[in-house]
Amino acid sequence: MIGVKRLGHVTLTTPDLQRQLDYYQAIIGLSVIDRTRDRAVLATKLGVETLVLERGDTADLSAIALQIAPGADLSDVGRELTSRNIAFEVRSDVTPGIAKAIVFRDVYGTPLEIFSDYTFAKAEKQVSGIMPIKLGHVARFVEDARAGAEFYTGLLGFRISDWRTTVSVFMRCGPDHHTVNVFEGQKPGFAHIAFEMKDFSELQRACDVLASNDLKLDWGPSRHNIGHNIACYHKNWDGLRIEVYTEMDQMKDEALGYFEPRPWHEDMPQRPKVWPAETSRNYWGLWGS
Ligand SMILES: [Fe+2]
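Residue numbers for the sequence shown follow our numbering, beginning at 2 and rising by one.
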């Protein structure tokens, strides 16, 4: 098994690279650490690569980078893939922080870039935009959620955090409740990416930054029932849905088998489970979208 430890960056294509660079720098508060005519690499102010933007015909997700244990031998990953008849290629100089990655497609056809060693970009102190602490998860609409659950748990070492009936699955590769989640029920493709804010006051500041740039929330802030993160959503200038969130459930010790107890949990302890169809998406209020 390939033991994924964390989400690295996602790659998004855009028809208007400069406009997206403006959005991600001035509003989200990321820093450009590498730039060519058709591609840019962005990192958080803390020096963690988060996003690769590439010029393309449409705004879409084109790759997900996932880190395995530093020092792990990527040839072992290659052997694992070969044993499962999964085609792959080895790429060099993926980003300034990733010298080498093994690239193959997941069960939905999305390229995954698996890397072991990462070099932090230089941290920056100046303030701009909402400045998330990290890219927390990537969500997609799919035809078959179970196929994703089997692929991500069976090959990549993810754990199931929660199901909503059989149509949505939330999977973790570290303490965070979900890093990769997939939903059935809409046209397959990009659903959203999510940036984590340090705390609720930072989330509030993020909402003010968005509003002052005429980016109105289309949902939230609300506390999800599944994952219990406080989340709000808007569409970026490419029309892609962006979530900013805080207070996501944490599985701090896998052996304990439950998420750190919180006053808003429905169960004590809150363990991974299958939530019924009527489960609200907003613990604080009415059903959300
Ligand atoms: Fe989300």
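Glycine residues also receive a C-beta, built at the ideal position from the N, C-alpha and C atoms. Remember, it's a predicted structure, so these values are computed and weren't measured experimentally.
Counting only the same chain and skipping the five closest in sequence on each side, list residues whose C-beta sits under 7 Å from that of residue i.
i, result
"residue 240", "60"
"residue 44", "31, 32, 34, 50, 51 and 122"
"residue 259", "270, 271 and 272"
"residue 210", "28, 130 and 131"
"residue 94", "100"
Going by beta carbon distance, what residues of the same chain come within less than 8 Å of residue i, once the five residues before and after it are set aside?
i, result
"residue 2", "81, 155, 156, 157 and 158"
"residue 170", "146, 147, 149, 150, 161, 163, 164, 182 and 183"
"residue 142", "183, 184, 185, 186, 187, 188, 189, 190, 191 and 192"
"residue 71", "117, 118 and 119"
"residue 124", "46, 47 and 48"
"residue 16", "56, 57, 58, 59, 60 and 239"
Beta-carbon within less than 6 Å of residue i's beta-carbon, same chain only, minus the 5 sequence neighbours each way: which residues are those?
i, result
"residue 40", "55"
"residue 247", "198, 200, 201, 204 and 231"
"residue 90", "104"
"residue 278", "166"
"residue 134", "197 and 199"
"residue 57", "14"
"residue 20", "238"
Would you kindly work out how many angstroms separate the C-alpha atoms of residue i and residue j, rounded to a whole number?
i, j, result
"residue 200", "residue 36", "31 Å"
"residue 30", "residue 276", "35 Å"
"residue 96", "residue 188", "31 Å"
"residue 64", "residue 105", "10 Å"
"residue 88", "residue 267", "43 Å"
"residue 24", "residue 205", "19 Å"
"residue 295", "residue 83", "This structure cannot speak to residue 295, because the chain is shown only from 2 to 290."
"residue 256", "residue 175", "13 Å"
"residue 74", "residue 42", "25 Å"
"residue 76", "residue 107", "18 Å"
"residue 229", "residue 207", "19 Å"
"residue 173", "residue 245", "18 Å"
"residue 53", "residue 180", "18 Å"
Distance cutoff 7 Å, beta carbons only. Does residue i sit that close to anything in chain D?
i, result
"residue 76", "The chain labelled as chain D is not found in the depicted structure, where only one protein chain is given."
Could you pull out every unbroken alpha helix (DSSP H) segment of at least 4 residues lying fully inside the segment 73-147, listed in chain order?
Counting only runs that start and end inside the segment 73-147, the alpha helix (DSSP H) elements of at least 4 residues fall at 75-84.
Quick test of the definition: if touching needs 3 or more C-beta pairs under 8 Å, does the segment 241-261 touch the segment 160-174?
yes
Contact the segment 229-247 vs the segment 2-12: 3+ CB pairs below 8 Å
The segment 229-247 makes no contact with the segment 2-12, as fewer than three CB pairs between them are under 8 Å.
Do the segment 260-280 and the segment 201-221 make contact, defined as three or more Cβ pairs closer than 8 Å?
no
Residues near ligand 1, criterion Cβ-heavy atom distance below 7 Å:
Going down the chain, each residue whose beta-carbon is closer than 7 Å to a heavy atom of ligand 1 shows up: 138, 140, 182, 193, 195, 232, 244 and 246.
Would you list, in sequence order, the uninterrupted beta strand (DSSP E) runs of no fewer than 3 residues that lie entirely inside the segment 235-268?
242-247
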